[in-house]
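Residue 55 in our numbering sits at position 55 of the sequence shown, and the numbers go up by one each step.
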Amino acid sequence: MKIVAYHRVSTAKQGTSGLGLEAQSRAIADYAATKGATVIGSFTEVESGKSNQRPELAKALHLAKVTGATLVIAKLDRLSRNAAFLLTLRDSGVKFVAADMPEATDLTVGIMALVAQQEREAISKRTREALASAKARGKVLGNPNGAAALRRAGKGNAASVAAIKDKAGHHAANLGPVIDALRHEGIQSLGAMAEALNQRGMLTPRGGRWHKSSVKNLLSRLAAVAA
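What follows is the structure, encoded as structure tokens:
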């Protein structure tokens, strides 16, 4: 039996550091050992979240097709919300196996893709409704004046800092559904999230554009709220 190994990491840092990659490689190697299979090719995809293009997957599928090999991925469950990926596998005409779900069939993957698409649409709808509701209540997603408004109001530095932190906390809560939607769309890196928020016209708590650092602060606040 011949197999082609396909790994997927979400950031370039994971791709170079091996974070997450080692576990995937081990799972595929264990599967190959149980089947007495030979790995004839190995491909690693580094996804930035900016697009659904997967050149390494295309290469892996091509090799599997021309050699009659089976494409093996480590974990199907971690990709179960990615409809585009699942449909690419199903429609490729290549036999594939997930080491964590070797019993999965084309029908199983098709159902998972349908559920993933419905979930994504539902999340997008809830995000739009949440933003519309916040707007209707008079909430501003991003203070166009920021700290300057507090200084003009005659508040001292301590009060300004406290007010800014409080506003940032409320701002993070309002953007929580948006971040969830972005993640389910495959947008995972700080840079990709900043770009997506800017494209949607959303402002930071200080009324500026989003950068990696401001997205990192937002995610930290959301994590603190969830803790």
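Virtual Cβ for every residue (Gly too), placed ideally from N, Cα, C. The structure presented is a predicted model; accordingly, all values stated were derived computationally and were not measured.
Margin query: Distance check for Leu-87 and Val-97, CA to CA, integer angstroms please.
Written below: Against the sequence shown, residue 97 aligns to sequence position 97. Against the sequence shown, residue 87 aligns to sequence position 87. Their Cα atoms are separated by approximately 14 Å.
Self-check item: Bridge partners - Phe-85, DSSP secondary structure assignment
Solution: Here residue 85 refers to the residue found at position 85 when the sequence shown is read from its first residue. None, per the DSSP bridge assignment.
- With distances taken between CB atoms, is the gap from Ala-130 to Pro-205 smaller than 7 Å? Residue numbering aside, residue 130 sits at position 130 when the sequence shown is read from its first letter. Residue numbering aside, residue 205 sits at position 205 when the sequence shown is read from its first letter. No. Outside cutoff.
Cα-Cα separation between Ala-132 and Arg-126, rounded to whole angstroms | The count along the sequence shown starts at 1 and reaches residue 132 at position 132. The count along the sequence shown starts at 1 and reaches residue 126 at position 126. Linking Ala-132 to Arg-126 through their CA atoms gives a straight-line distance of about 10 Å.
Extent of the continuous beta strand (DSSP E) to which Val-39 belongs: By one-based count along the sequence shown, residue 39 stands at place 39. 38-46 is the span of the beta strand (DSSP E), which, as asked, contains Val-39.
For Gly-49, three-class secondary structure by DSSP
The count along the sequence shown starts at 1 and reaches residue 49 at position 49. Note that Gly-49 has pLDDT 49, beneath the 50 cutoff, so the model's placement of it is unreliable and no number is given.
Touching or not, the region 2-11 and the region 37-46, by the rule of three or more beta carbon pairs under 8 Å? A contact exists between the region 2-11 and the region 37-46.
C-alpha gap between Thr-34 and Gln-24, whole angstroms: Along the sequence shown, one-based indexing puts residue 34 at 34. Along the sequence shown, one-based indexing puts residue 24 at 24. Taking the Cα positions, Thr-34 is about 16 Å away from Gln-24.
- Do you know offhand how far Val-9's Cα is from Leu-61's? On the sequence shown, residue 9 is found 9 positions in, with the first residue counted as 1. On the sequence shown, residue 61 is found 61 positions in, with the first residue counted as 1. Roughly 18 Å separates the two Cα atoms.
query: Should Ala-194 be labelled buried (16 or more other beta-carbon atoms within 10 Å of its own) or exposed?
result: The sequence position of residue 194 within the sequence shown is 194, counting from 1. Under the 10 Å beta carbon count, Ala-194 is surrounded by 16 or more other beta carbons and is classified as buried.
Review point. Around the Cβ of Ser-213, are there at least 16 other Cβ atoms within 10 angstroms (buried) or fewer (exposed)?
Key: Reading the sequence shown from its first residue, position 213 is the one you call residue 213. Counting the other CB atoms within 10 Å of its CB gives Ser-213 a total below 16, which places it among the exposed residues.
Rounded C-alpha distance that separates His-211 from Ala-29: By one-based count along the sequence shown, residue 211 stands at place 211. By one-based count along the sequence shown, residue 29 stands at place 29. Looking at the backbone, the Cα of His-211 and that of Ala-29 are separated by about 39 Å.
message: What residue range does the alpha helix (DSSP H) around Val-66 cover?
response: Mapped onto the sequence shown, residue 66 falls at position 66. Judged by DSSP secondary structure, Val-66 falls within the alpha helix (DSSP H) whose first and last residues are 55-67.
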